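Peer 1:
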Amino acid sequence: MSSSAAASLDRLSLPDAAGHFGIYGGVFVPETLMTALQELTAAYDVARQDPVFLQELRHHLKEFAGRPTELYFAERLTHHCGGAKIYLKREDLLHTGAHKINNALAQALLARRMGKKRIIAETGAGQHGVATAAACAKFGLECVVYMGAHDMERQALNVFRMRLMGAEVCRVEAGQKTLKEAINEAMRDWVTNVRSTHYILGTAYGSHPYPTMVRDFHRVIGQEAREQILAREGRLPDELIACVGGGSNAIGLFFDFLEEPAIRMTGVEAGGHGLGRGEHAARFAGGRLGVLQGCKTFMLQDAEGQIELTHSVSAGLDYAAVGPEHAFYRDRGRIEFAHASDDEVLETFQLCSRLEGIIPALESTHALVHAIKRAKALPKDKIIIVNLSGRGDKDVEQVARLLGEKHS
Ligand SMILES: *Cc1c(COP(=O)(O)O)cnc(C)c1O
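In our numbering, the protein residues as written are 11 to 418.
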């Protein structure tokens, strides 16, 4: 894109007052939730400009979550590729093992400020549920996490972690018994208990103000990365790469670089087994405009608009729709999208572990797959920053099983 086109994108003018990023975003909820969303929007609008709130948040992000995270030069991975330098933004080093704690802590603080003593959340693999349970334990808030019955079986350890930290985990038996159904149940709970309860949504998705608020709570990733790369290399990077489920870790890294036209940004979706129906979660490779769970955006659907089944080796990327801000910037050519297949991810999961002594989350590994391709294609004086959104300890059992299946 031309630099004037990039310069004319004012990232801070979005979304509009009703939460629209161009044609994407907005508010699509039952009338009973409108008041809650308006109340949340108003409370967040005050909090985000309140130095006391921001100072308190900074304090907890440092002392409880472990910020700032390192920007780590992946020397052996870089050498292996033979091209551009690869830096890893180490969100995997945060408390509870992924970037999700940034948002969970911040929303828990906001809930406390709003006088809400009961927190609900949805979770797929359990990462957001664990982060929310930790934040609620810390602030003495009641915590109820909705989780599909199928996910509870696959992620039994995370269920136990949440319960250890005092959360109630509610089994959801509807439909496919996974994330989408868990979100439906959380919204049903919110409608019923809206006066006492705040809903901590786990990604840059849903109705306004969630996509914007969750993005803002992850902006610290990009702000730190910017300072760190300037200190280390004396200049900004050439490329940024992050995996995209709902889109929170990616927009958190990208946001403070959006107005630097020379920096290429790529979101990496789950390519699964390939791009056949039901085999992947690459919304930008086969999806189209629709409305799902409060949000107008790109999603995988059949000819009648029914949401399609999705598949990914990583539970955190396995969702049929993508955050509205990503759809907006993709239309404008500012953020590009790629996908990585399950097989590529399994291979790179092992490569990163072996070369760097860092076991990445399967989600984050999608970003690494693309980064390796780019590093190989670029000369040695170029710089790539990859968001290592989480650690892979949660995934080792699954990978062991998958590799066993492959090799037997
Ligand atoms: C949940 C999760 C993701 C995907 O969520 P985004 O909102 O797209 O960031 C990515 N990486 C890890 C480690 C996760 O836990």
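Just so you know, even glycine gets a beta-carbon here, dropped at the ideal spot from N, CA and C. The structure displayed is predicted, hence computed values, not measured ones.
(1) Only counting the same chain, and skipping five residues up and downstream in sequence, which positions put a Cβ closer than 6 Å to that of Ala292?
(2) Can the beta-carbon of Ile210 be found less than 7 Å from the beta-carbon of Ala131?
(3) CB of Gly304 to nearest heavy atom of ligand 1: below 6 Å?
(4) Put Glu152 into one of helix, strand or coil per three-state DSSP.
(5) Determine the burial state of Thr207: buried for a count of at least 16 other Cβ atoms within 10 Å of its Cβ, exposed for fewer.
(6) Ala118 and Ala145: beta carbons closer than 7 Å?
(7) Going by the CB atoms, is the gap between Thr79 and Leu103 shorter than 7 Å?
(8) Hey, which unbroken runs of the alpha helix (DSSP H) at 4 residues or more fall wholly within the stretch 304 to 374?
(9) Roughly how many angstroms separate the alpha carbons of Glu269 and Ile345, rounded to a whole number?
(10) Answer yes or no: do Met309 and Gly300 have a C-beta to C-beta separation smaller than 7 Å?
(11) Using the rule of at least 16 other Cβ atoms within 10 Å of the residue's Cβ for burial, across every protein chain shown, is Leu174 buried or exposed?
(12) Does ligand 1 have even one heavy atom less than 6 Å from the beta-carbon of Asn113?
(13) What runs of the alpha helix (DSSP H), each 4 residues or longer, lie entirely inside the stretch 170 to 235?
(14) Report the residue from Lys95, Thr307, Pro370, Val201 whose alpha carbon sits nearest the alpha carbon of Leu250.
(15) Quick one: using the 10 Å Cβ neighbour count with 16 as the cut-off for buried, is Gly367 buried or exposed?
(16) Which residue comes first and which comes last in the beta strand (DSSP E) that contains Leu98?
(17) Quick one: is the Cβ of Asn397 within less than 6 Å of any heavy atom of ligand 1?
(18) Consult DSSP for Val301 and reduce its assignment to one of helix, strand or coil.
(19) Can you tell me whether Lys306 is buried or exposed? The criterion is at least 16 other CB atoms within 10 Å of its CB, across all chains shown.
(20) When every heavy atom of ligand 1 is checked, does at least one fall within less than 6 Å of the C-beta of Ala108?
(21) Between the stretch 329 to 343 and the stretch 356 to 374, do three or more beta carbon pairs fall short of 8 Å?
(22) What is the C-beta distance between Gly400 and Ala371, in whole angstroms, given that I count them as a contact (C-beta under 8 Å)?
(23) Please return the same chain residues whose Cβ sits closer than 6 Å to the Cβ of Ala325, not counting the five positions on each side in sequence.
(24) In terms of residue numbering, what span does the alpha helix (DSSP H) encompassing Met275 cover?
(25) Can you round the beta-carbon distance between Gly216 and Gly262 to whole angstroms, since I take them to be within the 8 Å contact cut?
(26) What is the DSSP secondary structure of Gly76, counted as helix, strand or coil?
(27) Got a sec? Which residues, its chain only, sit under 6 Å from Phe31 by beta carbon, not counting five neighbours each side?
(28) Using 7 Å as the threshold, is the C-beta distance between Tyr54 and Pro219 below it?
(29) Could you tell me the boundaries of the beta strand (DSSP E) in which Val37 lies?
(30) For Ser13 and Asp20, I'd like the C-alpha separation in whole angstroms.
(31) Is Thr213 close to ligand 1? I mean its beta-carbon at under 6 Å from any heavy atom of the ligand.
(32) Below 8 Å, how does it come out for the stretch 163 to 172 and the stretch 237 to 245: are there three or more Cβ pairs, yes or no?
(33) With a threshold of 6 Å (Cβ to nearest heavy atom), would Cys253 be considered close to ligand 1?
(34) Hey, would you say Ser10 sits closer than 7 Å to Ala196, going by beta carbons?
(35) Could you check where the beta strand (DSSP E) with Phe83 kicks off and where it finishes?
(36) Residues in its own chain within less than 6 Å of Arg128 by CB, not counting five upstream and five downstream?
Peer 2: On the basis of the supplied data:
(1) Exclusion of the five residues before and after Ala292 leaves Glu279, Gly281, His349 as the residues of its chain whose Cβ lies within less than 6 Å of its Cβ.
(2) The answer is yes: Cβ separation under 7 Å.
(3) Relative to ligand 1, Gly304 has its C-beta separated by 6 Å or more from all heavy atoms.
(4) In the structure shown, Glu152 sits in a strand (DSSP, three-state: E or B).
(5) So Thr207 ends up on the buried side.
(6) In contact: Ala118 and Ala145 (Cβ atoms closer than 7 Å).
(7) Taking 7 Å as the Cβ cut-off, Leu103 and Thr79 qualify as a contacting pair.
(8) List check, alpha helix (DSSP H) in window: 334 to 341, 352 to 366.
(9) The straight-line gap from Cα to Cα measures roughly 11 Å.
(10) Yes; because the gap between Cβ atoms is below 7 Å, this pair is in contact.
(11) By the neighbour-count definition (other C-beta atoms within 10 Å, threshold 16), Leu174 is an exposed residue.
(12) Because no heavy atom of ligand 1 lies under 6 Å away, the Cβ of Asn113 does not count as near it: no.
(13) List check, alpha helix (DSSP H) in window: 189 to 202.
(14) Here the closest residue by C-alpha is Lys95.
(15) Exposed, since its Cβ has fewer than 16 Cβ neighbours within 10 Å.
(16) Taken as a continuous stretch (DSSP letters only), the beta strand (DSSP E) holding Leu98 covers 95 to 100.
(17) Not one heavy atom of ligand 1 falls within 6 Å of the beta-carbon of Asn397.
(18) In this structure, Val301 counts as strand in the three-state DSSP scheme.
(19) Buried: at least 16 other Cβ atoms inside 10 Å.
(20) Correct: Ala108 has its Cβ closer than 6 Å to ligand 1.
(21) The answer is no - the stretch 356 to 374 does not touch the stretch 329 to 343, with fewer than three Cβ pairs under 8 Å.
(22) Approximately 4 Å separates the beta-carbon atoms of Gly400 and Ala371; this is inside 8 Å, confirming the contact.
(23) The beta carbon of Ala325 lies closer than 6 Å to those of Gly134, Ala135 in the same chain, with the five residues before and after it left out.
(24) From DSSP, Met275 is part of no alpha helix (DSSP H) but of the beta strand (DSSP E) over 274 to 282.
(25) In this structure Gly216 does not touch Gly262 by the C-beta definition: roughly 16 Å separates them, more than the 8 Å allowed.
(26) Three-state DSSP puts Gly76 in coil, outside helix and strand.
(27) Contacts found: Leu24, Pro25, Pro334, Glu335, Phe338.
(28) Contact: yes.
(29) Secondary structure note for Val37: it is in no beta strand (DSSP E), with a DSSP letter that is neither H nor E.
(30) Only weak support is given to the placement of Ser13: the predicted model assigns it a pLDDT of 44, under 50, and the value that follows is read from those uncertain coordinates. Each residue's Cα considered, the two are about 13 Å apart.
(31) Thr213 Cβ: within cutoff of ligand 1.
(32) Judged by Cβ distances under 8 Å, the stretch 163 to 172 makes no contact with the stretch 237 to 245, as fewer than three pairs qualify.
(33) Relative to the non-hydrogen atoms of ligand 1, the Cβ of Cys253 comes within a distance shorter than 6 Å of at least one.
(34) Residue coverage of the chain in this structure runs from 11 to 418, which leaves residue 10 outside it and unanswerable.
(35) 81 to 83 is the span of the beta strand (DSSP E), which, as asked, contains Phe83.
(36) So the list reads Glu152, Ser206, Thr207, once near-sequence residues are dropped.
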